[in-house]
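The structure appears below as structure tokens.
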Amino acid sequence: MKAIRGRRNLYAALSAAAMLLTVLLLIALKMEMAVACGGLTAVALILLYRQSRLLAAAMLICDSKILTVPSCVVISENRPSRKQAEETIVSTFGLLLGNKVYRWGCEGVYGVRLKEVQIDKAHICLSFGADGEMLRVELLHGLTDRQSVMEIAQKIWHETGVRASIVGY
Numbered sequence: 014m015k016a017i018r019g020r021r022n023l024y025a026a027l028s029a030a031a032m033l034l035t036v037l038l039l040i041a042l043k044m045e046m047a048v049a050c051g052g053l054t055a056v057a058l059i060l061l062y063r064q065s066r067l068l069a070a071a072m073l074i075c076d077s078k079i080l081t082v083p084s085c086v087v088i089s090e091n092r093p094s095r096k097q098a099e100e101t102i103v104s105t106f107g108l109l110l111g112n113k114v115y116r117w118g119c120e121g122v123y124g125v126r127l128k129e130v131q132i133d134k135a136h137i138c139l140s141f142g143a144d145g146e147m148l149r150v151e152l153l154h155g156l157t158d159r160q161s162v163m164e165i166a167q168k169i170w171h172e173t174g175v176r177a178s179i180v181g182y
């Protein structure tokens, strides 16, 4: 989340600097340079808008978290590689995987959906995605007793509508 916020602040500063430079060039009557700088301002504002939306989604995920784990393994259905990720937050609205945001249930019927949740003694495995590409995330949960596992499974079912299959408890 810190990286997302930092990038948003960088784009905000870039936008402000580009706007100021555009105004100064207009005052100095250097129209060609002002137009070029105006284009740069537009690009910076678009990047700022996209990053602000990403930050808002990340904040929503953090505010409605179900579970936070220190590390995880990401497996893509289409690519055989495995990736390690830092802190991961599972939420009603999506997954914050380091500085990457996966939202589910936001684009209607054809968007990204949480498909399956499986909990065993060491991992929580989440499978989600759209029809074309599925991702599987294995979270090392660190839950030791059956009661906390059942609470997490109940929260996931209540918040997302997906029943977790519990194996080994």
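Position one of the sequence shown corresponds to residue 14 (our numbering), numbered consecutively onward.
Ideal Cβ placement from N, Cα and C applies to all residues, glycine included.
First and last residue of the uninterrupted alpha helix (DSSP H) at residue i
i, result
"M46", "M44 to D76"
"G19", "K15 to I40"
"R198", "Because the chain here runs from 14 to 182, residue 198 falls outside it and cannot be looked at."
"V162", "R159 to T173"
Nearest residue (CA-CA) to residue i, options the options
i, options, result
"V103", "K78, M163, G118 and Y115", "K78"
"Q167", "L58, A55, I132 and G145", "I132"
"V56", "G19, E164, A26 and G181", "A26"
"T157", "K134, D144, L38 and G51", "K134"
"N22", "V162, L67 and G52", "L67"
"R20", "L60, M44 and A41", "L60"
8 Å contact criterion, which residue i and residue j should meet: CB distance rounded
i, j, result
"F141", "R126", "6 Å"
"H154", "L80", "7 Å"
Residues near residue i by beta carbon distance below 7 Å, same chain, minus five either side
i, result
"T105", "S77, I79, E172 and T173"
"R18", "L68"
Close-in-space but distant-in-sequence residues of the same chain around residue i (CB under 8 Å, 5 per side omitted)
i, result
"K128", "S140, F141, G142, M147 and V175"
"V114", "I17, L67, A70, A71, I74, G107 and L108"
Residue interval of the beta strand (DSSP E) (run including residue i)
i, result
"M147", "M147 to L153"
"V114", "K113 to R116"
Chain-order list of residues whose beta-carbon lies under 6 Å from that of residue i (same chain, five-residue window excluded)
i, result
"V130", "L139, I169, V175 and A177"
"L38", "M46, A47 and C50"
"T54", "A31, M32 and T35"
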